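Below: the structure, in structure tokens.
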Amino acid sequence: MAEPSPSNGPQRSLRREDKRGFLQRLAEFIHPGPDSKDELIGILAEAEDNDIINAESRIMLEGVMRIADMSAGEVMVAAPRMDVLNIDAAYEDLLYTVIDTAHSRFPVFEGERENIIGILLAKDLLKLQRAPELNIRALLRPATFVPESKGLNDLLREFRGNHNHLAIVIDEFGRVAGLITIEDVLEEIVGEIEDEFDEAEDEGDVYALADSTWRVSGDTSVERINESFGVELPIDDFETIGGLISHTMGHVPKRGEFHDAAGLRFIVLHAKAGTVKWFKVMPVAADL
């Protein structure tokens, strides 16, 4: 039997599948694509510097890449900080909690806080005003439970698919570890951005932003703030910057409130469960 010519063998099939033009293949040989996530982030930074994309686009693209490696346990609101409702509480007490916390969804428990029996939408409480004979149990929506190891990519896909924008996070022993909302996930996309000026994560959450300000976690230690910004805030009485500022202001500040200290302005970006989760930090202008 005659040997098949090269044009009739597998190599021809491979050549058919490669539909790139010569110039495209040459360009890719000279300038190969990124080999790592860090390299891709560097390319995005260069694209911003060259005005190919704007700062907001870079922030979101980097955020999308970041959540691919994150889990629900890293972003959740820890169980002790969860705002929950007791199924046996009086209507007035439920209404006060809903108004005071300003959430749209609440886990509802019976007996112990870990015994979550459903989710109550704040708007559904209005139905009790018009029909007091209704049982609050009839207003509960099923609770969604996810493990701490649940990837944020998968969780965001589920949130979008089932329109249930809150999930209860459980640990490896089946206990309630916290809760996570679609807002928490989206904040990781449009929020803090790490760059070459950031220190390691275990040294604190201080992130440089494209507008020359910083995004700082409320849980960041005061000592870390002093080191990062070259200031001398007191470190004896309070461990975290959120605790220090809340004490100085006399209350837990809400979104939009700010406090000036040591030549820095700390603007509250996000507060949840009685604590400040994120500040935006910038130098205080001389004329302020």
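In terms of this note's numbering, the sequence shown opens at residue 1 and continues consecutively. The C-beta atom is built at its ideal place from N, Cα and C for all residues, glycine as well. The model shown is predicted, which means the values in this text are computed figures rather than measured ones.
So for P253, helix, strand or coil by DSSP? coil
Please report the distance separating the alpha-carbon of S221 from that of D236. 11 Å
What does the alpha-carbon distance come out to for the pair R66 and V169? 20 Å
Hey, is the stretch 173-188 in contact with the stretch 150-160, meaning 3+ C-beta pairs nearer than 8 Å? yes
Closest by C-alpha distance to T144, when choosing among L244, F106, I189: T144 has its Cα closest to that of F106, out of L244, F106, I189.
Which of the three DSSP states is assigned to G230 in this structure? If DSSP states are grouped into helix, strand and coil, G230 belongs with coil.
K277, enclosing alpha helix (DSSP H) - first and last residue: Careful: K277 lies outside any alpha helix (DSSP H), inside the beta strand (DSSP E) at 275-283.
Which residue's Cα is closest to the Cα of A78: G243, A167, E39? A167
Using CA atoms only, rank isn't needed, just tell me which of N162, E148, A55 is closest to G174. E148
If you draw a straight line from the C-alpha of F279 to the C-alpha of D219, how long is it? Going from the Cα of F279 to the Cα of D219 covers about 10 Å.
Does DSSP classify E153 as helix, strand or coil? Note that residue 153 is Asn in the sequence shown, not Glu. The answer is helix: DSSP assigns N153 an H, G or I state.
Cβ shell of G263 (< 8 Å), same chain only, five flanking positions each side left out: V231, P283, V284
Roughly how many whole angstroms lie between the Cα atoms of L176 and I52? Residue identity check: residue 176 is Val in the sequence provided, not Leu. About 45 Å.
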